[in-house]
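See below for the structure under consideration.
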Amino acid sequence: MSMKKQINIFIISPSDVNPEREVSRDVCRYLNKAVGKDIEINSISWEYKPQNYYQDAQTNFNKYKSSFTENDIAIILLWERLGSFIPNNYIGQVTKKSPVTGTQWEIEELMAYGRIPLFFYFKIKNKLYNKDELEEGLKQKRLLDSFLEDIDLKVDATVRGHHKFNNKNELKKKLMSHLSSEIESKHKINISLQDDNMTSLNESRGNGIHQNYYVGLYIFFALTAIVIFQSIIAFEPFSKNIHNIIFVFIVSLLVVIVMGLYTLPTKVKHIHKSSFKSILKKLFKRALLIVGFTLLLSMSIVLSYLGIINSFKKLF
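Below is the structure:
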């Protein structure tokens with residue numbers, strides 16, 4: 201029984217692109233199913249906290265490095281962070297600087313090694329920060345920009361390309377294209393990508409909790425408004441006055457919108473001229489969601505309520 205040829209795809213990224221790291225792993229799993237039975241594709245990443253570098257990182261990195269083969273590929277994902285600094289005894293092999301961050305150290309180790317193709321991917325979507333995070337965010341951005349100036353990212357035998365992406369779907373397509381081409385060229389095989397939309401991958405990975413949190417808030421506030429509205433119109437004399445009903449409904453709707461917007465974190469965008477426009481656009485979209493939930497749920501419950509009342513009146 202022949203052994204499978206192993207292809208290790210190393211994924212390097214700081215914490216601000218964790219969802220994109222999961223996308224990269226998903227693409228590796230997808231490609232593993234597409235290459236056939238004779239090849240196995242593995243995704244590998246080093247996920248250490250800064251303090252772990254004192255005893256674990258060098259040993260484990262050297263273990264991985266000693267197993268590097270001509271089949272390996274590295275993916276580097278960057279946005280606006282370069283990561284946390286590690287102990288001073290870790291020196292960048294390209295820049296010769298210390299201290300360096302964990303991500304920086306890993307990139308420089310691979311660049312100095314020079315035998316593994318590196319694919320750089322830069323997320324260009326503008327990042328929103330809480331007010332308390334703004335100072336650290338700017339510091340990280342300057343750190344990343346300085347690092348990119350220090351290293352040579354010209355395309356050659358080691359650096360195969362540096363690409364930009366706006367969202368996870370765009371990253372998926374680029375990873376699928378670049379990795380499949382690299383593997384096909386190196387191993388003289390044809391990878392059949394039958395599922396162009398990659399529906400087998402988890403579209404919500406990495407942002408599902410974030411989205412569900414806000415959806416839950418919208419539903420909660422919408423239901424709160426409905427309960428208030430229903431309680432008021434339940435009084436027969438009041439409900440006969442259509443103007444009062446409309447007034448209560450509008451007030452309830454406004455309360456829901458204000459409460460919903462108030463719960464959203466205050467965001468501050470930096471290094472971009474259209475910051476306020478982007479913030480307003482985001483808030484407007486969320487306000488529309490709240491209004492939509494409120495209208496649909498309110499109208500359905502009100503209609504059901506009136507239908508039940510009418511039915512009881514006919515019976516009694």
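When you read off a place in the sequence shown, starting at 1, and then add 200, the result is the number in the numbering used here. Don't be surprised by glycine CBs; every beta carbon is placed ideally from N, CA and C. Values in this document were obtained by computation on a predicted structure and should not be read as measured data.
CA-to-CA, the gap between F210 and I450 works out to about 55 Å.
With contacts defined by Cβ atoms closer than 9 Å, I244 and L375 do not form a contacting pair. For the pair P219 and L282, the CB atoms are not nearer than the 9 Å cut-off.
Your pair F320 and V294 does not check out as a contact, with CB atoms roughly 14 Å apart and the cut at 8 Å. C-alpha of W279 to C-alpha of F365: approximately 10 Å in a straight line. The C-beta of E349 has fewer than 16 other C-beta atoms within 10 Å across all chains shown, which makes the residue exposed. Selection D226, V217, M203 evaluated against K372 yields D226 as nearest (Cα-Cα). In the three-state reduction of the DSSP assignment, E280 falls in the coil class. The Cβ-Cβ distance between P299 and Y313 does not fall below 9 Å. Sequence-distant Cβ neighbours of F285 in its own chain, meaning closer than 6 Å and more than five residues away, are P299, T301. For E333 and N326, the gap between their C-alpha atoms comes out near 15 Å. A residue is called buried when at least 16 other Cβ atoms come within 10 angstroms of its Cβ; V217 meets this threshold and is buried. Here the alpha carbons of N390 and V235 stand approximately 8 Å from one another.
Distance from the CA of E335 to the CA of Y329, rounded to the nearest whole angstrom, comes to 9 Å.
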